[in-house]
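Residues 385 to 465 (the working numbering) make up the sequence shown, in order.
To keep things clear, I will list the structure first and then write my remarks on it.
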Amino acid sequence: ANDSHIIPVMIGDPVKCRMLSDILMDDWGIYVQPINYPTVPKGTERLRITPGPLHSDADIDHLVMALTSLWKQCAIAHAVA
């Protein structure tokens, strides 16, 4: 178990990772950090989501809606938990 409030969303592609981060900011007003090599090994690129105490339920719903839309738009596979 990890008590960190940082939530990684695995992408696995540096170009898509940067693109998704840019679209989230430009089109949805959501700041999410793209984490690419050399910070993480190649093939493990991810978005870093950092929720905080000032984020409302509406903010979280907005993020989920944005990610759902982008996953469909960019044909990104959902991981199975």
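By construction, the Cβ of each residue, glycine as well, lies at the ideal position given by its N, Cα and C atoms.
As the structure is a computational prediction, the values presented were derived from the model and not from experiment.
Taking the C-alpha atoms as reference points, what is the distance between I390 and Y415?
Cα-Cα distance, rounded: 13 Å.
Three-state secondary structure (DSSP) at V424?
Three-state result, V424: coil.
Give the secondary structure of L404 by DSSP, where H, G and I count as helix, E and B as strand, and everything else as coil.
Helix.
At the level of alpha carbons, what is the spacing between P435 and M394?
Distance between the alpha carbons of P435 and M394 is about 17 Å.
Between the Cα of N429 and those of A450, R402, D445 and Q457, spot the shortest distance and give me the residue it belongs to.
The sequence as given places Glu at residue 429; Asn does not occur at that position. Here the closest residue by C-alpha is R402.
Which residue's Cα is closest to the Cα of P418: H446, D443, W455 and K400?
Of the listed residues, the one whose Cα sits closest to P418 is K400.
On a Cα-Cα basis, can you pick out the residue from I407, G413 and L431 that is closest to Y421?
Taking only the C-alpha atoms, the option nearest Y421 is L431.
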